[in-house]
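Single-structure report; data block below.
Chains as they are written, first to last, in this note's numbering: chain A, 1 to 182; chain B, 1001 to 1182; chain C, 2001 to 2182; chain D, 3001 to 3182.
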């Protein structure tokens, strides 16, 4: 089934957003939207944006993330909403960080039930992702290294790309080529 | 019915986003998400972001906006998705610009069918909105004046607020007070 | 002497940046640049951006700011540099927060020695500034209230504007009108 | 002479800003500020930000840039100001695009007279820079390719780095290692 949703999963600074934007350019004139973990975090009340204990999402000084029950429920509803956009005809590249590993994937699987989905793992060597985090300068130090491997554990993909030595543009071409073979 | 979705409609620089963020703060511990026209525009492929003729959304030098068929279809799917988030339990403040006036409202009405919705008009005198557009410095000059009145024509509200002489925070309190009476 | 530098001093969320952008628009075709406290903070190494104790600038949970020796020295050099731009022919609107009150003003006075300077106080009632801080959603809660009055203590101005009930655009016109009379 | 100013010159999306931020992290506890072409563009009146003909800076649909007389004069004053910050004790990484090639370098040379300066060329293969421009999604398409080689013609460096196959972090280490040998 031709995918209606592409789910990119990878750690912070692994290059997911760059691949998503390159995919959008490559897949034109088909119009693919892109949403992701950052879309939801930006949509939160400010008071839940740095408060894992208060039910929201919290950023530890070491780059760790803690996630409260309120955030988890909103995250579930967000996935349901993105799936509904796809059922209504929009094609969507989802740019995600599976903090819960296979549990996060199950959440999206339930939401996307009946839709064609392409699961893509976006890997990057932890030390390279950490260097890119420093180069970006707008993320908590430590998130890249903390998430680089943990978000992939137990997750099953249709294909994986690795940005350690491959540009976002090339990774996007690999994903697009895979789609044309489906 | 207690609203699950609050729809703020107003022109560019009328103060909708500020009211949305103040509502989020006021309504805590209830966690309200906020999405809007900007969320969708940011999610578009770059190639559709300044191309009304190409089916996307185009920004005229005079502050006018042109909207193509592709954008219109995505916009419809976006509303369906936001409604699905609300049905899945998330409460949402929608921050919108009804470029199509009553047709835009009908689109949201269909999407929100069966949900409790509060329709709020956010007005601002055109010359004041234009001054705020200059003060922000990140919007096309002319959008505020072009949209200030046109987006309200034929639209029906539960209540209206006017930011010309009233702060966002006060407008948000008026909306929240109205909700507690429903 | 016609001013070559306009120094706007006020607390966080008092409306300085909006007035600066409106002044830039009003004073065209004269080309005025605008720099300020945010320019310097953005130019800092990330490691000094939230570390008052490490010599940089630190943001307390209550909206207070602590400033270390390293930051103070860079701040001094920054003022000297902005003054040198003005001596080289650029006109500059400085958008500042005098955390040190009169000591901050003295620092700028020394730097601007021999240049025409217009000192403008930008006031805003603390509760209104706090509401605008919530509406912006991108600043530490509490900074607006903490700075609203303290940054003006002991500072001497050529004129003052108050954004509590006056739009940025109007405040900018008042400043521009004052300049044409000098 | 130990450099007080590091000048990174390269085309759009060549990776200069990332190298600048990595240098800031590597050189701590020395506090290096970073300013660049974007600092000046952000400081311009909005009316000069897309108007090459009006004396400001203009962005062509093909990624070309046109620069007017007003912009050129402000650019000169900006360099003088940055140099004055360095003379006042701040160390500065300048992140620049020499649109005028050797003429741009001469402008900075005059401004930095008497200061220790390290001239670094930041190269990137045009097709790779173009892919990164697409991945960023926030720059005019075509600027990366248009500038990749032209900004280096006739410019003389102390050292050059190439981000085509080398991470920003590694490039920053090469620059820092060179400095420790001076």
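Each residue gets a CB set at the ideal place from its N, CA and C atoms; glycine is no exception.
Computed from a prediction, not measured in an experiment: that's the story for all the values here.
- Cβ-Cβ distances below 6 Å link residue 3010 (chain D) to 3016, 3122 in the same chain, with the five nearest sequence neighbours on each side left out; the list follows chain order.
- Interface annotation, residue 70 (chain A): in contact with chain B, CB-CB separation under 7 Å.
- Per DSSP, residue 70 (chain A) is one residue of the alpha helix (DSSP H) stretching across 69-87.
- If you look at residue 39 (chain A), you'll find it isn't in any beta strand (DSSP E); it sits in the alpha helix (DSSP H) that goes 37-43.
- Under the three-state reduction of DSSP output, residue 134 (chain A) falls in the helix class.
- About 5 Å separates the CB atoms of residue 2046 (chain C) and residue 137 (chain A); that is less than 8 Å, so the two are in contact.
- Per DSSP, residue 2062 (chain C) is not a residue of any beta strand (DSSP E), being assigned neither H nor E.
- The three-state reading of DSSP puts residue 3054 (chain D) in coil, since its state is none of H, G, I, E or B.
- Taking the beta carbon of residue 1077 (chain B) as reference, the chain A residues within 7 Å of it are 85, 88, 89, 90, listed in sequence order.
- For residue 106 (chain A), the enclosing alpha helix (DSSP H) has its first and last residue at 102-111.
- Of the other Cβ atoms in all chains shown, fewer than 16 fall within 10 Å of the Cβ of residue 3177 (chain D); this residue is therefore exposed.
- Secondary structure note for residue 2123 (chain C): its beta strand (DSSP E) is the uninterrupted segment 2117-2123.
- Here residue 92 (chain A) is near residue 82 (chain A), since their CB atoms are less than 7 Å apart.
- Nearest CB-CB separation between residue 142 (chain A) and chain D: not below the 7 Å threshold.
- The alpha carbon of residue 2149 (chain C) has as its nearest neighbour, out of C:2179, C:2126, C:2067, the alpha carbon of C:2126.
- A Cβ of chain B is located within less than 7 Å of the beta carbon of residue 2022 (chain C).
- If you look at residue 3021 (chain D), you'll find it in the alpha helix (DSSP H) that goes 3016-3027.
- Among the residues of chain D, those whose CB is under 7 Å from the CB of residue 169 (chain A) are 3131, 3134, 3135, following chain order.
- Taking the Cα of residue 3061 (chain D) as reference, the smallest distance to any Cα among D:3143, D:3102, D:3107 is reached at D:3143.
- Taking 8 Å as the upper bound on Cβ-Cβ separation, chain B lies near residues 3046 of the region 3044-3063 of chain D.
- The beta carbon of residue 1116 (chain B) is closer than 6 Å to those of 1001, 1002, 1003, 1004 in its chain, skipping five residues each way along the sequence.
- Between residue 135 (chain A) and residue 3018 (chain D), the beta carbon gap of about 3 Å places them in contact (Cβ cut-off 8 Å).
- In terms of beta-carbon proximity, residue 1011 (chain B) stays away from the interface with chain C, with every pair separated by 7 Å or more.
- No Cβ-Cβ contact shorter than 7 Å links residue 3159 (chain D) with residue 3097 (chain D).
- DSSP places residue 155 (chain A) in no alpha helix (DSSP H); its state is neither H nor E.
- Residue 41 (chain A) has its alpha-carbon roughly 25 Å from the corresponding atom of residue 162 (chain A).
- Contact of residue 18 (chain A) with chain D is assigned, a C-beta pair being separated by under 7 Å.
- Between the beta-carbon of residue 3113 (chain D) and that of residue 3037 (chain D) there is about 21 Å, and that puts the pair past the 8 Å contact cut.
- Looking at the backbone, the Cα of residue 1175 (chain B) and that of residue 1100 (chain B) are separated by about 24 Å.
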